[in-house]
Amino acid sequence: MTTNPQTGPCRVCKNEAELIFTKQILGKHEAAYFKCAACGHVQTEEPYWLEEAYRNRDYRLDVGMADRCVWSAQTMVALARRVGIGPEEPCLDWGAGTGLFVRLCRDYGMNFFYFDPYPQNIFARGFEADTAGGPEWTCISAFEVAEHLADPLKDFGKLFRLSPRYILFSTLLYGGQSGDWWYFTDNGQHIAFYTRRSLELIGEQYGYRLASNGRDLHLFSKERVRDRILDTSRKRRQKEAGRYRRKYGSRIESDFEQAANGRPLAS
Ligand SMILES: [Zn+2]
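In case it helps, the numbering used here puts the sequence shown at residues 3 to 269.
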């Protein structure tokens, strides 16, 4: 049987996705991008270039990384305050990178831990979680993760299987942009582009509902949460994160004491 390069199965809903354009990535591969007729999800062809795409990451270009960590951590804490995640409830940052987000959330009083399949932990040493044997996470955050997933349904499944009450994550929604949209990066790292519908379908597979601000911030939850809580949390992030910290106290001191007396544990 021959395969038709004009179409392929959607990696979210398995319906047929059609070629919408090709684009050169990593200066040499002509990658095909497909759009699902059913759920609107856009995906690259099977990303055979990933190893190459992550081999020589140029962090010099990512001058906004720390700033994004600050506002996403404050947004997380503001959301925690609104949905009632207490300071003792264990939370996990998936794809935690340098650990700055984890550290900041702990500074504000939340009980956050670190997980990254490709760890480069600097700020959250001692708070690495073994997800296989970790506690029941109340919330899992996954900022700048979704667009990197080669198999969204299966990869999100790893988070859902931990049965958190919430999964807070970011990704820019696709709304018919053309091939020159900056989110279709030519470094080969962004390979999945979601619509609200494709995210809803992923959640439904695992018994979760979706709340979304309709642009870049989303929440999977077991109980329904209103969309507008996301933008409100972001808009009021500084004030509300500050309130959380004043109410429950920062973990900076207690973390220091624990670190000085031995490694803290996730469970
Ligand atoms: Zn689809």
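Don't be surprised by glycine CBs; every beta carbon is placed ideally from N, CA and C.
In chain order, what residues of the same chain have a beta carbon less than 8 Å from the beta carbon of residue i, not counting five sequence neighbours either side?
i, result
"V104", "D95, A98, F114, F115, Y116, F125, A126, F129"
"Q8", "E20, L21"
"C15", "C38, A40, C41, H43, S200, L203"
"E32", "T24, K25, Q26"
"S252", "R108, D109, Y110, G111"
"L28", "W51, E54, A55, D188, N189, G190"
Based on the DSSP output, what are the partners of residue i in its beta bridges?
i, result
"W96", "F117"
"I231", "Beta-bridge pairing links I231 to no other residue."
"R211", "S223"
Which of the three DSSP states, helix, strand or coil, is assigned to residue i?
i, result
"T271", "Examination of residue 271 is not possible in this model, given that the chain is present from 3 through 269 alone."
"S252", "coil"
"Q76", "helix"
"R105", "helix"
"V14", "coil"
"E259", "helix"
"G264", "coil"
"E91", "coil"
"Y246", "helix"
"M67", "helix"
"R84", "helix"
"G111", "coil"
Near residue i, which residues of its chain fall below 7 Å by C-beta distance, leaving aside the five closest residues on each side in sequence?
i, result
"R245", "R83"
"A68", "L102"
"Q207", "L155"
"A261", "G128"
"I254", "D109"
"Q76", "R239, Q240, A243"
Step through the CB atoms of chain D and report whether any lies within less than 9 Å of the CB of residue i.
i, result
"E32", "Annotation note: the requested chain D is absent from the structure, which comprises a single protein chain."
Suppose the cutoff is 6 Å on Cβ atoms and the five residues either side in sequence are ignored; what does the same chain contact list for residue i look like?
i, result
"G264", "none"
"E259", "none"
"A194", "Q45, E149, L151, P154"
"P11", "none"
"L81", "S235"
"L164", "W139"
"P92", "N113, P137, W139"
Would you grab the beta carbon distance between residue i and residue j for me? Rounded to a whole angstrom, and I think it's under 8 Å.
i, j, result
"V85", "E242", "Not a contact, Cβ separation roughly 12 Å."
"V44", "Y250", "That pair is no contact at about 41 Å."
"D229", "S172", "Their Cβ separation, rounded to whole angstroms, is 15 Å, which puts D229 and S172 out of contact at 8 Å."
"L232", "I169", "No, L232 and I169 are not in contact; Cβ-Cβ is about 13 Å, not under 8 Å."
"K224", "R167", "6 Å"
Secondary structure, beta strand (DSSP E): runs of 3+ residues fully inside the stretch 16-62
18-27, 31-38, 44-46
Length-filtered (3 minimum) beta strand (DSSP E) runs lying within the stretch 122-202:
141-144, 168-172
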